[in-house]
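According to the numbering used here, the sequence shown is numbered sequentially starting from 63.
For glycine and all other residues, C-beta sits at the position ideal for the given N, C-alpha and C.
Single-structure report; data block below.
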Amino acid sequence: MRVIIDGAPEDERTASISVFDWALIRGFGVFEVVRSYRGSLFRLERHLDRLASSAAALDIAMPNRIGVARDMNRVATACGEGQVRVILTGGGRDPSVAAVPRTVVMWEPLPVVPDRVRVLPVVAPWHPATDSSGYPGVKWTSYAPNMVSTDRARRLGYDDALLVTPEGVVLEGPTFTFAWVHRGRVETPSLDLGILPSITREVVIECCGRLALDVDEGRHPLDRVLAAEEVFALSTVKEVVPVEQIGETRIPGGLIAGRLAAAFAAVVREETQGPRLEPVA
Ligand SMILES: Cc1ncc(COP(=O)(O)O)c(C=O)c1O
Numbered sequence: 063m064r065v066i067i068d069g070a071p072e073d074e075r076t077a078s079i080s081v082f083d084w085a086l087i088r089g090f091g092v093f094e095v096v097r098s099y100r101g102s103l104f105r106l107e108r109h110l111d112r113l114a115s116s117a118a119a120l121d122i123a124m125p126n127r128i129g130v131a132r133d134m135n136r137v138a139t140a141c142g143e144g145q146v147r148v149i150l151t152g153g154g155r156d157p158s159v160a161a162v163p164r165t166v167v168m169w170e171p172l173p174v175v176p177d178r179v180r181v182l183p184v185v186a187p188w189h190p191a192t193d194s195s196g197y198p199g200v201k202w203t204s205y206a207p208n209m210v211s212t213d214r215a216r217r218l219g220y221d222d223a224l225l226v227t228p229e230g231v232v233l234e235g236p237t238f239t240f241a242w243v244h245r246g247r248v249e250t251p252s253l254d255l256g257i258l259p260s261i262t263r264e265v266v267i268e269c270c271g272r273l274a275l276d277v278d279e280g281r282h283p284l285d286r287v288l289a290a291e292e293v294f295a296l297s298t299v300k301e302v303v304p305v306e307q308i309g310e311t312r313i314p315g316g317l318i319a320g321r322l323a324a325a326f327a328a329v330v331r332e333e334t335q336g337p338r339l340e341p342v343a
């Protein structure tokens, strides 16, 4: 069972939503992606909290939380290792079309994550940090500008983009977040920039506590990251991956990435069933 829509298991070859659904025609929907470690969902409750606040931002009704968690667990249990996506669609939002909002839960395989990533700085004028949109940290299906920057970076030979404001303040990646080491302290962009409140970032901050590493959250210029001792990309599917190059600049790399990745794996082991088969990053 890989797909459940509105609580009902669907054949993955025929599972569908209405073409009138605003999620399709206007990018009006919200979503979460949760890592399944051998069928056990990591930090599911935090992902559901974020789903609820994204839904509230778009005035999409949050379906019964216990039902969503049950369906996500059913898919995870059936599929094992991978990622479980939940999408709340906006529905038709027009009385003349019968397209009700849908709750789609689906399994997806893990993407291949390189051991080290190379990123291209891209100015992101569409980012909530750069305007007064009032939609900071919403995980919605309107990711087109982010994905255009990923594509652009890939065409130029990089793995992905590093989004910065027009003033050069470091924000996040199109689908991940950043942290780096400056004079032995871990730094990461602060949430008041309007970046997504990454759950991996949250876990990594906890890991820094376990490793007695100081953490500073703030507004930092790109130059500071270019001069960092180590830089990491963080996300549900990437976990902790060292960044080896930003634009033309090589990042030296050091021991903290490995320590954080090990601490992260320990948290996963503690909170999910059994040891992992293999590390992702
Ligand atoms: C824009 C953006 N930033 C950061 C992240 C990382 O968030 P998380 O660690 O919760 O996966 C994501 C995840 O998809 C994202 O889309």
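- Closer than 8 angstroms to some heavy atom of ligand 1: that describes the Cβ of V95.
- Residue burial is scored here from C-beta neighbours: Q335 has fewer than 16 other C-beta atoms within 10 angstroms and is therefore classed as exposed.
- A325 sits away from L253, with the two beta carbons spaced by 9 angstroms or more.
- Excluding five sequence positions before and after T76, none of the CB atoms of its chain fall closer than 7 angstroms to its own CB.
- The way I'd put it, the stretch 145-152 does touch the stretch 92-104; three or more beta-carbon pairs between them come closer than 8 angstroms.
- Taking a cut-off of 8 angstroms on C-beta distances, the stretch 178-193 touches the stretch 288-308, as three or more cross pairs fall below it.
- For a cut-off of 8 angstroms, the C-beta gap from I66 to V137 is around 6 angstroms, short enough to register as a contact.
- In the DSSP assignment, G89 falls outside any alpha helix (DSSP H), carrying neither H nor E.
- The shortest C-alpha to C-alpha distance from V330 to any of F82, L103 and R88 is the one to L103.
- Pairing H189 with E234, the inter-Cα distance amounts to about 10 angstroms.
- Taking the C-beta atoms as reference points, R245 is found nearer than 9 angstroms to E291.
- Taken in chain order, the whole beta strand (DSSP E) runs of length 3 or more contained in the stretch 80-156 are 91-99 and 144-151.
- Note on geometry: alpha-carbon atoms of V248 and P283 lie some 15 angstroms from one another.
- Ligand 1 never approaches F104 closely enough for any of its heavy atoms to be under 8 angstroms from the residue's Cβ.
- Setting aside the 5 residues that flank it on each side, W84 is surrounded in the same chain by F90, G152 and R155, each with a C-beta closer than 6 angstroms to its C-beta; the list follows chain order.
- Contact holds between the stretch 155-169 and the stretch 116-132, because three or more Cβ pairs, one in each stretch, are under 8 angstroms apart.
- G246: not part of any beta strand (DSSP E); DSSP gives it neither H nor E.
- Rounded to whole angstroms, the separation of the alpha carbons of L255 and Y197 is 11 angstroms.
- In this structure, F326 has its beta carbon at no less than 8 angstroms from each heavy atom of ligand 1.
- Between R217 and A223 the beta-carbon gap is near 11 angstroms, outside 8 angstroms, which marks them as no contact.
- A direct Cα-Cα distance of roughly 21 angstroms separates A119 from E264.
- Ranked by Cα distance from T212, the first of L225, V200 and K201 is L225.
- The shortest CA-to-CA distance from F82 to any of V130, A328, A161 and T237 is the one to A161.
- Put simply, the backbone Cα of Y220 is about 15 angstroms away from that of F238.
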